[in-house]
Structure formats: structure tokens, C-alpha cells
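Asks: Pasting a structure below so you can have a look.
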Amino acid sequence: MSDKSKKQKEYTALEIEDAFPMGQHLSFAATEAYKRLRSSLIFCLPKNENKNCRIVGITSSNVGEGKSTTAFNLAYSIAESDQRVLCLEADMRLPQISKRLNLETSPGLSECLAGEVLEGNDAIRKINNNLYVMPSGRVPPNPSELLGSSAMSRLLELLSQVFSFIVIDLPPIGAVVDALNVAKQVDGMVMVVRREWATRRSLASAVRELKLADARLLGFVFNDATEGSKKPKKYKGYKKYSKYYYTKQD
Ligand SMILES: Nc1ncnc2c1ncn2[C@@H]1O[C@H](COP(=O)(O)OP(=O)(O)OP(=O)(O)O)[C@@H](O)[C@H]1O
Ligand SMILES: [Mg+2]
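Just so we're aligned: 205 in numbering that gives the first Met the number 0 is position 206 of the sequence shown, and the numbers increase by one with no gaps anywhere.
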């Protein structure tokens with residue numbers, strides 16, 4: 000199979016059923032909204048002489064609020080503004096970005112953190128001229144610890160020399176502590192809040208936990224706001240994560 004047809008296959012796979020479109024398939028309104036988010040982040044995190052790379056974590060209080068969708072679309076939008084961007088898939092338990100882009104998950108982040116892949120090169124996939132994805136890698140037994148490790152800070156340091164923006168797709172705060180462990184290693188966190196999905200209580204508790212972890216909360220993305228009339232699916236709580244803990248990990 001030629002390189003060209005291989006690439007084409009990846010893009011058609013973006014149109015999977017029941018998935019909000021990503022990247023180039025977005026509507027005009029959604030594209031504009033991601034551009035606004037991009038501008039706000041650039042405004043919040045000015046570059047300086049010592050720091051050429053901005054690192055942002057994307058999280059939420061509950062499962063399914065649109066973190067992976069937001070992380071990838073934000074990275075796509077930043078790449079369109081001529082900056083070299085890495086979308087880092089740090090949800091090692093339920094990786095969605097690599098799945099939706101039809102990318103192999105391994106080698107990826109977990110192999111880099113375990114020292115199996117040196118300097119991350121083999122773990123980075125090129126999506127277009129400026130956009131790169133590092134998939135989650137094989138599911139490790141200890142994702143939270145790996146994400147909070149000194150190996151993670153070293154990896155981010157290394158990647159910062161190559162990219163001007165790193166967008167990290169994280170798990171929800173209400174389910175696992177992964178996002179809190181990463182919070183100190185990034186320039187700021189963005190919380191995705193999905194319409195009729197997050198509750199005041201879950202949101203308040205997630206914000207409180209971020210504060211306790213000394214995270215810099217940059218702001219909120221209100222997802223699934225007005226476009227279309229499709230009703231949101233019923234909130235499923237943390238079922239997906241507990242299923243993971245009690246079945247896959249054992
Ligand atoms: N604005 C939106 N409109 C319609 N569907 C959406 C929207 N945002 C996300 N979705 C859909 O909701 C589902 C969950 O989105 P996504 O995977 O981005 O959420 P997540 O917060 O990363 O989930 P998880 O907690 O499992 O990692 C996907 O099928 C996605 O396509
Ligand atoms: Mg996700």
C-alpha cells in the first residue's frame with residue numbers, strides 16, 4: 000500500500016459512527032470556537048525567553064464530557080496557525096484519539112515513560128505538517144504513578160525542545176488521580192464541561208481537587224453547547240473506569 004492511500008485510510012476513519020467529527024471535518028461554527036480557544040490559551044500563556052513551549056492539560060470532572068475531542072481539535076487548530084504541536088494521549092486506560100485516528104497505540108507514552116523508547120521518536124506519529132500525536136502506548140499497571148513520575152517531567156522537557164505547543168488528553172478527575180498527578184508538570188489545565196452532563200457538585204469537587212493539587216486552572220470549555228438539536232446521551236458515571244479496574248487490569 001502506498002503512503003498516500005494509507006493516509007487516506009486514516010482520514011476516512013475519522014468519520015466513525017457516533018463520533019463528533021475531528022480536525023478537518025468540523026463545522027464552521029466548531030472551527031471558529033476552537034480558534035477562539037486557541038487564542039485564549041495563547042493569551043493566557045505568553046512565551047518568554049526561557050520557555051518556548053506551552054503545555055496544557057485537558058481534563059473534566061466526569062467521563063465522556065469531550066476531553067479527547069477537545070484536545071485533538073485544539074491541537075489541530077493550533078497546528079493550523081503554523082505552530083508545531085504534539086497531542087499527547089495521556090489517557091492510558093481508555094485511549095480514544097489513537098482509536099479514532101486509526102493509529103497503533105504502541106509504541107507510545109507508556110513505553111517512553113518505562114524507558115523502552117528512547118527520546119520518544121518512535122512513539123510520535125505525524126498527522127500533518129505541524130501536527131503530531133503520541134499515542135498512549137500499552138496499558139501499564141500503574142498509569143497514575145507513571146504520569147506523576149520524574150520520567151514524565153523529563154519527557155515533557157525533551158518534547159518542549161521540539162514542539163511549541165503540547166496538548167495533553169487526560170482522564171476525568173472524578174474517576175482517577177492521573178490528571179492531578181500531571182497538573183504540576185503543565186503550564187495550565189483546561190476543564191471541559193459538557194452540557195447536561197457535569198453536575199454542579201462534580202464540577203465543584205473537581206475544581207477543589209485541582210486547587211489542592213496546586214494546579215493552574217486556565218478556564219473551562221463548555222462542550223456540546225448549542226449546535227444541532229441532538230440530545231446528549233445519559234450520563235454514565237464512572238462505570239467505564241470501574242469496569243476497567245475490575246476486569247482489564249486484573
Ligand atoms: N460537542 C459534541 N457534540 C456531539 N458529540 C460529542 C461532542 N463532544 C464529544 N462528543 C462525543 O461524545 C463521545 C465522548 O467524547 P470524548 O471521547 O471526546 O470524551 P472524553 O471526555 O474524552 O471521554 P472519556 O472520559 O471516556 O475519555 C464521543 O463519541 C464524541 O464523539
Ligand atoms: Mg478521552
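Each residue gets a CB set at the ideal place from its N, CA and C atoms; glycine is no exception.
Going along the chain, which residues of its own chain have a beta-carbon closer than 7 Å to the beta-carbon of L169, five neighbours each way excluded?
Replies: G56, I57, T58, K66, A89, D90, D177, A178, V181
Asks: Per DSSP, what are the beta-bridge partners of T58 in this structure?
Replies: M190
Asks: Touching or not, the segment 34-45 and the segment 63-82, by the rule of three or more beta carbon pairs under 8 Å?
Replies: yes
Asks: Hey, P171 and V84: beta-carbon distance below 8 Å or not?
Replies: no
Asks: Could you tell me which residues DSSP pairs with K183 in its beta bridges?
Replies: Looking at the DSSP assignment, K183 forms no beta bridge with any residue, so it has no partner.
Asks: Quick one: Cα of R199 to Cα of T68, how far?
Replies: 22 Å
Asks: So, for D121: in the same chain, excluding its five sequence neighbours on each side, which residues have a beta-carbon less than 6 Å away from its beta-carbon?
Replies: P106
Asks: Drop a sphere of 10 angstroms on the beta-carbon of R207, count the other beta-carbons inside from all chains shown, and report buried for 16 or more, exposed for fewer.
Replies: By the neighbour-count rule (16 or more Cβ atoms within 10 Å), R207 is not buried but exposed.
Asks: Between the alpha carbons of A174 and W196, how many angstroms are there, rounded?
Replies: 15 Å
Asks: From C111, M188, F71, pick the residue whose C-alpha is nearest to that of L155; which is it?
Replies: The option with the nearest alpha carbon to L155 is C111.
Asks: Quick one: what's L85 bridged to in DSSP?
Replies: Y131, I165
Asks: Span of the alpha helix (DSSP H) holding V220?
Replies: Not the alpha helix (DSSP H): V220 falls in the beta strand (DSSP E), residues 216-222.
Asks: When burial is assigned at 16 or more other CB atoms within 10 Å of the CB, is E64 buried or exposed?
Replies: buried
Asks: Would you say Q95 touches ligand 2, meaning its beta carbon is less than 7 Å from a heavy atom?
Replies: yes
Asks: Do you know offhand how far V185's Cα is from R124's?
Replies: 22 Å
Asks: Can you tell me which residues form a DSSP beta bridge with R92?
Replies: DSSP lists no partner for R92.
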